[in-house]
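Colleague:
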Amino acid sequence: MSDVLLPRAHTDPAILAAQSGPLTSALVETAAIPWTIWMLFGGIVMALVGGSWDFAWHMSIGRDTFWTPAHILVQLGGILVGIASGYTILSTTSAEVSPTRDYSVRVLGLYGPAGALLAFWGWVAMIFSAPFDNWWHNAYGLDVKLFTPPHNLLSLGWFATQIGVMIWIAAMINRSTGVLRARLTWLLLIIGSICVCLVAVLSLEGTQTLLLHTAFCYLTAALCFPAVLIAAGRGSLRRWGCTTVAAMYTAIGLAAEWLLPLFPARPKLGPVYQKVTHLIPLQFPLLLLVPAFVADLLLQRLERRSSWVKAVFVGPAFVLGFLAVQWPFANFLMTPASRNWIFGRAYFPYFDTAFVLYDPYRFRAPEKPAVFMLTMLAALVVAIVTTRLGVAWGDWMRRVRR
Amino acid sequence: MRDWWKILLVCLATVPAYAHVGSPDVYYEGDAGPYHLFVTVRLPQVIPGVAEFQVRSASSDVQAIRVVVLRLTGPGSNLPSVPDEAQRSKVDPQFFVSNLWFMEYGALQVRIEAEGSKGKAQLSIPVASFGRESLPMVRGLRGLLGFFFFVLGLGIIPIIGATVRHSNVPPGEVPQASDERRARLAMCFAALLLASFLYMNKSLWDDEAAIYERSVKLLKPPRAETTLVAGNRLVIRPAAQLIMPIAGMRRLSRKISMNEMIADHGHLMHLFLIGMPGMERMWHLHPEREAGGAFSQRLPAMPAGKYAVFADLVDKTGFPWTLVGNIDLPPIVGVGVAGDDSEWQGERLAIPASENTVAPLSGGAHMIWERGGGPLKANMPASFRFRVEEKDGSPVHNLEPYMGMAAHAEVVGSDLSVFAHIHPVGSVSMAALDLAQAGLTTQSPAAVSGMEMGMTHSSGGLPPDVRFPYGFPQPGTYRIFVQVKRSGRIETAVFNARVH
């Protein structure tokens, strides 16, 4: 798909024009960011905070009811996204003559920015996942798994919402100048980093600390991170866009790691295997900063080369850069020096059978050498594909106008 | 239809010893220090799921009831969660209700703290936790989800098409033919991705359903393999390996060995052979474990016929297993029952059954079921009272503990879908209860003495009245075998009951 959309990204006049200014001057520019964008941004930030809190709630207190404060915060965030995107679609559709119509797309008689339509669809999917999830719990019990059909639908909706908002903001960036453009670019970078946070959570089954010395971990990373990280970084038109997105992801992860344990909490569900006195955060963030920096560096060097050339160099470099720092850092995470508030390696969820069924400070056995090498090779190939996707997506966001 | 829907989108086991064939709820009567409590635990259909706890205090001075769930033994048994404060009924201030999650399979315990005018006191009740079924999707929800799936599935494709078609078109201009081509290609790609997403989730759904069904199947009463050797020696073993699954896990599970069974009432196995189809005969035997894990029993003299087999076992973690089966026996030439073994032979259970409240014992004595005049109702917790009288109606004074208890009772459904071996403390076993109580760090002397009264370890004459806290799990016809020991002789009184 990306080939069709971007046959020659390096010579696309729209991209080249975007480097220096907006794609069109026909639009009436406003000095301020519209309230709908702030509402979307607020909704996504609330969902991020609520989501992090919710994970900590599950690990520290237990999901004793659907109506936990964390769940409510996520729902409120979703409602904000729904209101903002829904209002934009309805107001654009109802106003037959409106400047907003000019930069809208039409779907089944509805008008609105493409991002708004996608965000609204994501919101509907998220809302719809709730009764489905509730039924799932009734049918198969309260799951403690990340990947169930209703959870997958929720993730898909959440992901679609974030991508929609990114597209929406990207279109506004491409129609704006000056301070507004700079502010919108920052919003895009923040939303991109939140998107990376979501992907990091979804990748946990492959990137948890015990798996950091397996090739599967790096295959997971190759599959999950390059596309969204490079798209957001490249779409921002910033020289160090990927690095900025990765730095923000790291900052969000560290904030959760360091702030959540400040709040007291005790399990409400049992049996309890670990003594818990405060909220338990997710693991220390992955060291994506280094591969993101490598990606930026190479993308700058390869700016005039084709997208596939970029992907062939950047993808493997991303995986190898990640491997070079995460592997030795994983060794450190197994030492007593990491069992403190900074690295959080002494935190265990109440239901964790660490020290009972397994040793939390010993890596899961790596694959056999042949399997390891094949999986790493697969990781390199996958990274080329996901990087190509990220480059295409990022370049497309540089041109999107509606 | 269900398949179409699917397209659209740790535990350590533990220690109680009570049968759970068709009777999963737990009924218990005992003392938390100075407070006498009647507790009902209604297990959820699915695990993890929410169980309901009903606590009735015999006295009005209990102000608060708090409940926590722990494992019965081992890891998870010594770190309580925040206790759930039970809701006190506004209509009946001696009645409390709490709802708590059961997150794991296996032997758990419910620790109840009662607080009242005499201070705080605790008791602990063993509970066997296992999922029984998965609930089907109701029609209304199915329709709602179907509608949303349809809208979502068909909505995303045109959104992607329109995005690709229009997003790069300058304001005021119309898409070109090349834009249309890209849009069509993008929609095809989106449809492919959507189909892949749905297919993957269908597989995941099938997988999860299979894991859950496996757990339900593994924790159904296992089949007993019975063999008659040398004319009168019955050998019994599980027909398949006993396995304790772990909720949500396909590969992780624990194999249960016959060598890890623990004694309940001094016996590793309690075997019940019930003559069928009329339940006109019943033997309560105690096979010994042989090398290799099988259990064997030299049978007493028995007439030929078909017999239903129920064999109660408790593994070392405290989870009760009841092996079920049937056997066609030839006439058995043997000696009479001895020790703790017992037998009963009498009238067939007729359908419809004629209920009785008086059952004969030896020497003209009899047992009276003081059940009142009202009909018995399913799922209604009650304390079933029985009184043993001499021929002249005077209370007997020669009751003795039978395997440590004032009495034993076996509740058997006429279709054998229910089998419960209960005691005056309820549907929990002494072995499990001992483990649960051992976990309590503080217990008042009053509580200990209360326990002993309920379990009647005393060697002196017992009161002529015995009570069994229990609730029939479903409507139907039941036969209740109540067993007491009188002057060294084990006697069985049999009652028929119709439950509505």
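Line order of the protein sequences matches chains S and H. Count the first sequence with our numbering and you get residues 1481 to 1882, in order. Count the second sequence with our numbering and you get residues -9 to 490, in order. Think of the CB as a built atom: it goes at the ideal place given N, C-alpha and C, for glycine as much as any other residue.
1. Could one say the Cβ of S/L1570 lies closer than 8 angstroms to chain H's Cβ atoms, at least one of them?
2. Could you work out which residues of chain S lie near H/A152, taking near to mean beta carbons separated by less than 8 angstroms?
3. By how many angstroms is the C-alpha of S/L1590 removed from the C-alpha of H/G145?
4. Can you say whether H/S352 is buried or exposed, counting buried as having 16 or more other CB atoms within 10 angstroms of its CB?
5. Taking its Cβ as the centre, do 16 or more other Cβ atoms sit within 10 Å of H/N222, making it buried, or is it exposed?
6. For S/G1542, go through chain H and note every residue whose CB falls closer than 9 angstroms to its CB, in chain order.
7. By DSSP, does S/S1656 sit in helix, in strand, or in coil?
8. Would you please verify whether the beta carbon of H/S124 is less than 8 angstroms from any beta carbon of chain S?
9. Listing by chain order, which chain S residues have their CB less than 8 angstroms from the CB of H/M506?
10. Would you check if the distance between the CB atom of S/A1712 and the CB atom of S/G1658 is smaller than 8 angstroms?
11. Whose C-alpha, out of H/R101, H/Q77, H/Y95, is nearest the C-alpha of H/V57?
12. Select from H/I149, H/L134, H/Y17, H/Q84 the residue whose C-alpha is nearest the C-alpha of S/L1588.
13. Please report the distance separating the alpha-carbon of S/M1646 from that of H/S247.
14. Kindly indicate which residue of H/A397, H/P160, H/T63 has the alpha-carbon position closest to the one of H/G96.
15. Assuming S/L1709 and S/G1531 are in contact, meaning their beta carbons sit under 8 angstroms apart, how far apart are those beta carbons, in whole angstroms?
16. Alpha carbons only, please: which of H/Y25, H/V31, H/R469, H/G66 is nearest the one belonging to H/M269?
17. Can you list, in chain order, the residues of its chain with a C-beta nearer than 6 angstroms to that of H/R271? Leave out the 5 residues immediately preceding and following it.
18. Please identify the residue among S/L1717, S/P1747, S/P1771, S/T1694 whose C-alpha is closest to the C-alpha of S/F1705.
19. If we call anything under 8 angstroms between Cβ atoms a contact, is H/P235 one with H/A214?
20. Helix, strand or coil, according to DSSP, for S/T1687 in the structure here?
21. Strictly under 8 angstroms for the Cβ-Cβ distance: is H/F138 near chain S by that measure?
22. Measuring alpha carbon to alpha carbon, tell me which of S/P1593, S/I1760, S/V1752 ends up nearest H/V159.
23. For S/M1646, which of helix, strand or coil comes out of DSSP?
24. State the beta-bridge partners of H/D302 as determined by DSSP.
25. List the residues that DSSP assigns as beta-bridge partners of H/F28.
26. Taking all protein chains shown into account, do 16 or more other C-beta atoms lie within 10 angstroms of the C-beta of H/L242, making it buried, or fewer, making it exposed?
27. Once the 5 residues before and after S/A1695 are set aside, which same chain residues still bring their CB inside 6 angstroms of it?
28. Is there at least one Cβ from chain H nearer than 8 angstroms to S/G1750's Cβ?
29. How big is the Cα-Cα spacing for H/G444 and H/D21?
30. When burial is assigned at 16 or more other CB atoms within 10 Å of the CB, is S/W1648 buried or exposed?
31. Less than 8 angstroms between the beta carbons of H/A301 and H/L313, yes or no?
32. Could you pull out every residue in the same chain whose Cβ sits closer than 6 angstroms to the Cβ of H/P465, ignoring the five residues on either side in sequence?
33. If we define contact as Cβ-Cβ less than 8 angstroms, is S/T1866 a contact residue for chain H?
34. Quick one: give me the first and last residue of the alpha helix (DSSP H) that S/M1526 is part of.
35. Decide if H/I412 is buried, meaning its Cβ has at least 16 other Cβ atoms within 10 Å, or exposed.
36. Under a three-way DSSP split, which group does H/F285 fall into?
Modeller: In brief:
1. Using a CB distance cut-off of 8 angstroms, S/L1570 does not count as an interface residue toward chain H.
2. Neighbours of H/A152 on chain S, chain order: V1585, R1586, V1587, A1594, L1597.
3. When rounded, the separation of the alpha-carbon atoms in H/G145 and S/L1590 is 12 angstroms.
4. By the Cβ-count criterion, H/S352 is exposed, with fewer than 16 other Cβ atoms from all chains shown falling within 10 Å of its own Cβ.
5. H/N222 is buried by the Cβ-count criterion.
6. Those are S71, W91, M93, listed as they occur along chain H.
7. Correct three-state label for S/S1656: coil.
8. For H/S124, the nearest CB of chain S lies under 8 angstroms from its own CB, placing it at the interface with that chain.
9. Examination of residue 506 of chain H is not possible in this model, given that chain H is present from -9 through 490 alone.
10. Taking 8 angstroms as the Cβ cut-off, S/A1712 and S/G1658 do not qualify as a contacting pair.
11. In terms of CA proximity to H/V57, H/R101 leads the group H/R101, H/Q77, H/Y95.
12. Of the listed residues, the one whose Cα sits closest to S/L1588 is H/I149.
13. Just so you know, the alpha carbons of S/M1646 and H/S247 end up roughly 58 angstroms apart.
14. For the residues H/A397, H/P160, H/T63, the minimum Cα distance to H/G96 belongs to H/T63.
15. Contact flag wrong, Cβ pair sits at about 19 angstroms.
16. The closest CA to that of H/M269, considering only H/Y25, H/V31, H/R469, H/G66, is found on H/R469.
17. Answer for H/R271: G265, Q335, listed in chain order.
18. That would be S/P1771, whose Cα lies nearest to the Cα of S/F1705.
19. Cβ distance not < 8 angstroms, so H/P235 and H/A214 don't count as in contact.
20. Residue state, collapsed to three classes: helix.
21. It does; some Cβ of chain S falls within 8 angstroms.
22. Closest option to H/V159, Cα to Cα, is S/P1593.
23. Three-state result, S/M1646: helix.
24. DSSP output for H/D302 lists H/H260, H/T312 as bridge partner(s).
25. In DSSP, H/F28 forms a bridge with H/E19, H/R46.
26. Looking at its Cβ environment, which holds fewer than 16 other Cβ atoms inside 10 Å, H/L242 is exposed.
27. Contacts found: E1847, F1852, T1855, M1856.
28. Cβ-Cβ to chain H under 8 angstroms: yes for S/G1750.
29. Model confidence at H/G444 stands at a pLDDT of 44, short of 50, so the residue's coordinates are unreliable; what they give is reported in the following sentence. Between H/G444 and H/D21, the C-alpha separation is close to 9 angstroms.
30. Buried.
31. Contact flag set, yes.
32. Result list for H/P465: A368, V489, H490, in chain order.
33. Not one chain H Cβ lies under 8 angstroms of S/T1866.
34. 1515 to 1540 is the extent of the alpha helix (DSSP H) around S/M1526.
35. H/I412 counts as buried, since no fewer than 16 other beta carbons sit within 10 angstroms of its beta carbon.
36. Three-state result, H/F285: strand.
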